[in-house]
Amino acid sequence: MSIAICPGSFDPITLGHLNIIRRTSRIFDEVIVLVMVNSNKSTPMFSIDERLSMVQRAVERYPNVTVNHVDGLLAEYAKKLPNAVLVKGLRAASDFDYEFQMNLINKKINPELETMFLTSSEKYTFLSSSVVREMARYGGDLTGLVPSELIDEIEEKAKAWREHNG
Ligand code: ADP
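Right under this line is the structure:
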């Protein structure tokens with residue numbers, strides 16, 4: 007059975023992530039969307055439980071996709087699933103540089119682990135979680151950026167952030 011791991015911070019999940027997850031689910035028998043607890047990015051907007059619950063709701067429609075989380079190194083987690091392949095999305099040259107470096111580090115920790123890349127769909131090339139967070143914080147319309155069923159929750163969080171930060 008072929009297994010893919012789609013890792014990320016998903017802070018929050020966007021339609022760009024979902025596009026990669028959906029396409030991966032057509033290629034592999036099973037897909038694990040892995041929410042990274044401690045990514046090297048700045049303080050997350052959403053807690054790990056909120057991110058997990060949003061990802062769960064967004065992937066509910068795909069029968070071969072499950073959601074998990076890990077607090078630690080991705081390459082160590084993958085040792086428990088010897089046949090699994092990492093699948094990541096590539097948007098631009100900047101993603102490539104970062105991913106190339108990550109892959110070298112992962113290979114040092116877990117030489118068996120392979121990474122495959124899917125190029126971003128054209129309409130999501132400029133979409134990232136940080137764009138969504140900025141848009142939400144300044145009251146922008148999130149339609150077409152995140153799964154529609156999550157818009158209310160993201161807007162609520164952004165409203166609380168605005169009230170707290172003035
Ligand atoms: P972000 O870069 O949006 O903060 P993550 O760290 O959660 O997101 O990224 C997880 C994975 O999803 C990475 O492989 C990243 O390249 C990919 N990804 C994120 N947004 C997109 C997108 N719009 N199109 C394709 N891949 C994407």
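Offset between the sequence shown (1-based) and the numbering used here: plus 6.
Where is the CB? At the ideal position from N, CA and C, for every residue including glycine.
What you are looking at is a predicted structure, and each value in this text was computed from that prediction instead of being measured.
Express the C-alpha separation of residue j and residue i in angstroms, rounding to a whole number.
i: S100; j: S126; result: 13 Å
i: N112; j: A142; result: 33 Å
i: K129; j: G22; result: 8 Å
i: D147; j: S135; result: 14 Å
i: E120; j: L96; result: 16 Å
i: F106; j: V37; result: 22 Å
i: T49; j: P153; result: 23 Å
i: L133; j: P88; result: 32 Å
Do the CB positions of residue i and residue j come within less than 7 Å of each other?
i: V93; j: A10; result: yes
i: I115; j: P18; result: no
i: S31; j: Y83; result: no
i: M42; j: S15; result: yes
What are the complete beta strand (DSSP E) segments, minimum 3 residues, inside the segment 121-156?
Segments of the beta strand (DSSP E) lying fully in the segment 121-156: there are none.
Length-filtered (4 minimum) alpha helix (DSSP H) runs lying within the segment 19-53
The segment 19-53 is shown to contain whole alpha helix (DSSP H) runs of 4 or more residues at 21-33, in chain order.
Complete beta strand (DSSP E) runs within the segment 83-127 (minimum length 3 residues, chain order):
Within the segment 83-127, the complete beta strand (DSSP E) segments at least 3 residues long are 91-96, 120-125, listed from N- to C-terminus.
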